[in-house]
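Read in order, the letters of the sequence shown correspond to residues 1 to 641 in UniProt numbering. These notes concern the structure reproduced below.
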Amino acid sequence: MNEEESKHEIANIPSALLNGIRPKYQRTQSYSLIWTNTDIDETSPEYQNVLVMLRSVVNNVIVCTGRTQCIQFLNDMDHENVIVICALELANQFVPILHGMPQVNAIYIFGSVNYRHKPWIAEWTKIQGDFTSIPSLHTSLKKFTCECDHNLMPMSFVPKRFLAATAEVENLVLLEPFFKYSLLFNEIISEMHEDDTKSVKDLVFYCNSKDISESQLKYFQNQYQQKSAVSLYTEDIFLRSMLNHALFSFNMEIVARMSFFIRKLHRQLEELHKEQSNAYANEFIVYRAQAFTEQAFKQLLDTKGGFIAFNNFLSTNKDKEVAIDFVERAIRKNNDIFGVIFIMKIDPSKVLATDTPFALIDKHNDIPQENEILFTMNTVFRVGEIKQAVNQNRLWKVRLAMVDDNDTELAMLTLRMKEGISFNGWYELGQWMLHVDLFDQAEELYGELLENAASDDDKICIYHELARTKEGPRQYEEAIMFHEKKVEIKQKTASADDPSLALTYTIIGQLHANIGNYSKALEFYKKSHNIYKKTLPPNHPDLGTSYSNIGQVYSELGDYLKSREYYDKAYKIWEKIPPPNLPNKSNSKQDTGRLHETKNYDSKRRQFYQKVAAHARRTLPTIRRKLQDGRKEFLNPKIKD
């Protein structure tokens with residue numbers, strides 16, 4: 001019998017970034033739990049005790065009263081990672097069905113009789129065991145979810161070939177978006193100032209709606225000022241798994257809500273690093289075990305000589321045997337993964353505490369003998385030797401060296417990645433997300449910022465960025481609604497002739513034109529045009545653009561005489577402008593096409609517009625044009641201008 005092996009969630013680049021899939025992330029952990037039992041009495045103390053125990057480990061717990069209901073839930077959760085607790089009386093017939101479902105990561109059998117003597121249990125590798133008591137089930141469940149959280153380590157890779165000074169900047173735009181994010185995120189966090197008291201209350205309020213244990217939330221709220229951030233992070237409460245999931249899934253709503261805690265944890269690592277500086281006078285080695293998918297492992301192999309960034313707080317151990325035990329256990333359970341032991345060389349003399357702090361956290365850990373060294377988020381390493389273990393083709397050892405603050409290649413890469421982006425907090429982080437087509441994540445972030453906007457001016461800026469999150473994926477009707485929100489706010493204080501209104505009207509007109517709503521496009525273009533006529537000199541290039549926009553719409557409506565009239569006016573303005581100052585209009589090619597449709601239009605003017613179009617295509621930045629044309633064209637090297 002060929003059973004599918006148990007698949008833990010493992011280290012990988014988030015699929016949302018690799019595949020262009022942008023799901024809405026609602027969960028606060030990487031796993032859910034379904035408890036299936038045909039004999040459930042919701043009023044019984046035993047039922048309540050089991051439910052409380054389960055929810056102390058997994059936030060999203062679903063109770064089913066039979067196999068059919070359980071399968072229905074699982075079919076709706078086909079992209080998730082699910083733990084199923086199966087009643088003893090259902091196990092014999094139900095386990096083979098569950099085992100064949102890829103979304104089921106682990107199966108627990110729970111009942112009053114121990115089944116370990118039954119040989120068939122050993123045949124199904126997803127079964128974690130059969131349990132007769134709540135404490136034993138709780139212990140095993142905690143161990144399994146901790147392993148899931150450990151393997152939920154987002155990483156990003158930059159191969160050596162991309163570090164050359166000759167590597168084109170445009171190729172870096174979509175190269176490892178997570179790596180670019182990792183280099184800039186710490187700067188943003190450190191520069192922000194928030195009221196921790198308010199932030200704690202806001203996070204607790206948010207978590208209350210996510211089924212997180214009320215006792216854990218009360219504990220966190222009461223202990224936040226009394227306990228260290230490291231202690232809270234390592235304790236058996238929601239923080240670690242919630243942050244792991246948010247960073248892995250790129251859930252910017254949760255990351256933004258937890259930013260105050262991220263900053264506090266980073267700063268405490270800075271303090272501990274300084275306190276322990278005498279203990280780390282010389283180079284030393286730490287270890288990290290990690291499970292990889294085949295796809296992610298190939299990326300790692302391709303990164304030799306390049307950089308790897310761990311996009312989360314990185315837990316390592318001074319004891320090599322801890323790492324070996326973990327990775328060997330992982331590859332025994334799953335034949336589809338590669339086990340990697342990272343051997344990390346650290347040279348403290350080359351590391352600034354403010355940039356990449358790390359510290360031994362035994363005194364703040366529930367398990368002091370762990371010898372755990374915790375590194376701050378987004379620590380970068382150089383990938384060295386990659387070597388296969390003897391007699392084990394799925395176990396590899398990879399040597400890493402922590403990148404020092406004077407590494408010229410990393411400094412150059414960071415500088416080039418920052419080009420064109422001025423980071424100053426969450427607002428600009430959202431702009432970067434738009435820059436690399438992470439539209440859903442940007443929408444989440446700006447939606448969170450909108451809830452806390454302090455002024456109408458802030459709201460106007462945020463609505464503008466929210467509109468951009470819809471323009472990118474061509475959801476133009478939703479983009480129009482956000483722009484109209486801007487107008488509503490602006491009209492409260494601005495005059496009817498405010499130039500900023502003209503720009504917004506132009507954008508709305510263009511969006512209506514994009515969906516073929518030409519009468520509405522004409523209405524907004526004319527609103528914009530009336531403002532430009534009152535506020536701009538008669539020969540201003542923007543006025544020429546406005547005439548051209550209206551000419552386009554009349555052409556689409558089939559009114560070629562009107563179209564010619566407005567194109568003539570645009571021509572009279574643009575023919576006086578020196579070529580380097582001609583408008584960089586990406587739709588100039590379409591203007592030329594409209595002119596050919598008009599009756600008896602003279603060839604001289606047609607040629608002029610063709611020159612405008614050619615100049616625009618030369619001067620419009622390549623990256624911007626390709627991003628506008630879509631990710632597919634950008635990723636296709638055969639397409640030439």
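Glycine residues also receive a C-beta, built at the ideal position from the N, C-alpha and C atoms.
Check: Touching by the beta-carbon criterion (3+ pairs, under 8 Å), the segment 466 to 475 and the segment 491 to 498; Outcome: no
Check: Per DSSP, cross-strand counterpart(s) of Lys397; Outcome: Ile341 and Lys387
Check: Cα-Cα separation between Tyr505 and Ser528, rounded to whole angstroms; Outcome: 5 Å
Check: Straight-line Cα distance separating Val351 from Ser32; Outcome: 39 Å
Check: contact_flag[the segment 137 to 146, the segment 42 to 62] where n(CB pairs < 8 Å) is 3 or more; Outcome: yes
Check: Boundaries of the alpha helix (DSSP H) in which Ala496 is found, first to last residue; Outcome: Per DSSP, Ala496 belongs to no alpha helix (DSSP H) and is neither H nor E.
Check: The segment 337 to 347 touching the segment 211 to 219, judged by at least three CB pairs closer than 8 Å; Outcome: no
Check: Burial state of Arg474 (16 or more Cβ within 10 Å); Outcome: exposed
Check: Residue interval of the beta strand (DSSP E) (run including Leu33); Outcome: Ser32 to Thr36
Check: Pair within 9 Å by beta-carbon distance, Ala401 and Arg382; Outcome: yes
Check: Cβ shell of Phe307 (< 6 Å), same chain only, five flanking positions each side left out; Outcome: Val158 and Val380
Check: In chain order, each alpha helix (DSSP H) run of at least 4 residues that lies wholly inside the segment 202 to 238; Outcome: 214 to 223 and 229 to 234
Check: Whole-Å CB distance - Phe94 paired with Cys86, under 8 Å assumed; Outcome: 6 Å
Check: 6 Å Cβ shell around Gln299 - same chain, five flanking residues per side excluded; Outcome: Phe157
Check: Beta-carbon contacts of Ile127 that lie in its chain and below 6 Å, excluding the five residues immediately before and after; Outcome: Ile107 and Ile121
Check: Alpha-carbon to alpha-carbon, Ser546 and Val61; Outcome: 57 Å
Check: Cα-Cα separation between Glu451 and Leu445, rounded to whole angstroms; Outcome: 10 Å
Check: Short Cβ contact (9 Å threshold) for Met242 with Asn312; Outcome: no
Check: Assigned exposure category for Pro357 - 16 Cβ within 10 Å defines buried; Outcome: buried
Check: C-alpha gap between Asp130 and Trp35, whole angstroms; Outcome: 14 Å
Check: Bridge-paired residues (DSSP) for Cys64; Outcome: Thr36
Check: In DSSP terms, what Met402 is bridged to; Outcome: Phe381
Check: Per DSSP, cross-strand counterpart(s) of Met155; Outcome: Phe310
Check: DSSP three-state assignment for Thr408, whether helix, strand or coil; Outcome: helix
Check: Nearest neighbour of Tyr224, chosen from Asn244, Lys210 and Leu203 [CA to CA]; Outcome: Leu203
Check: Cα-Cα separation between Leu415 and Glu409, rounded to whole angstroms; Outcome: 10 Å
Check: Sheet register partners of Glu283 (DSSP bridge); Outcome: BP columns for Glu283 are empty, so no partner.
Check: For Thr592, the three-state DSSP class (helix, strand or coil); Outcome: Reliability fails at Thr592, whose pLDDT of 44 lies under 50, so the model's placement of it is uncertain and the value that follows must be treated cautiously. Thr592: helix per DSSP, three-state reduction.
Check: Which residues DSSP lists as bridging Cys86, in chain order; Outcome: Thr36 and Ile109
Check: 6 Å Cβ shell around Ala289 - same chain, five flanking residues per side excluded; Outcome: Ala323, Phe326, Val327 and Ile341
Check: Residue of Asn278, Ala229, Tyr280 and Asp236 minimising C-alpha distance to Ile262; Outcome: Ala229
Check: CB of Tyr304 within 9 Å of CB of Gly430, strictly; Outcome: Strictly speaking, residue 304 in this sequence is Lys, with Tyr absent from that position. The answer is no: Cβ separation not under 9 Å.
Check: Selected residue, minimal CA-CA separation from Leu438, among Asn549, Met252 and Arg329; Outcome: Met252
Check: Buried/exposed call for Leu561, threshold 16 Cβ in 10 Å; Outcome: exposed
Check: Integer Cβ distance of Gln29 from His273, believed to fall under 8 Å; Outcome: Actually they are not in contact, since the Cβ atoms of Gln29 and His273 sit about 30 Å apart, beyond 8 Å.
Check: Every unbroken alpha helix (DSSP H) within the UniProt repeat "TPR" (502 to 535), with a cutoff of 4 residues, ordered by chain; Outcome: 518 to 535
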